[in-house]
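Trainee: Residue numbers (this note's numbering): 8 to 151.
Cβ coordinates follow ideal geometry from the N, Cα and C atoms, glycine included.
Set out below in structure tokens:
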């Protein structure tokens, strides 16, 4: 998750944004206006909530594309960084399973259990799922 610290919200894929907002909490249960979204235990981003339909209780959660994700324990950041994807640190789930001594099904189950962030830790490329070495180390430990 630390790799998201300093990343501009607009640089994330739509899938990643949706995943983070679905799992977020809002400070002080704000129902409308400016707020902070706690995306995870250590990641936050500023945004706002807009009431779409009060009778139905529908709200829209908005984050400016220029908002920078920060570690809530360290405070906000002024300058964004680029997302770094090194082609040599990305592999198929099958390759990762072989390297870590896991089954492909176990890794896919971990993906389904949301232990990995879509668009950051893994992504689908057609019928193939690609996953980063860093995310595998985060969940299963470093290779010996």
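1. Whole-angstrom Cβ separation of residue 143 and residue 116, contact assumed at under 8 Å?
2. Can you give me the C-alpha to C-alpha distance between residue 70 and residue 132, rounded to a whole angstrom?
3. DSSP on residue 127, reduced to helix/strand/coil?
4. For residue 54, count the other beta carbons within 10 Å of its own beta carbon; 16 or more makes it buried, fewer makes it exposed. Which is it?
5. By the DSSP assignment, the beta strand (DSSP E) with residue 147 in it spans what residues?
6. Which of helix, strand or coil does DSSP assign to residue 110?
7. Are the beta-carbon atoms belonging to residue 56 and residue 39 less than 8 Å from one another?
Mentor: Reading off the structure:
1. That pair is no contact at about 14 Å.
2. 27 Å
3. coil
4. buried
5. Note, residue 147: premise wrong, no beta strand (DSSP E); alpha helix (DSSP H) at 140-147.
6. coil
7. yes
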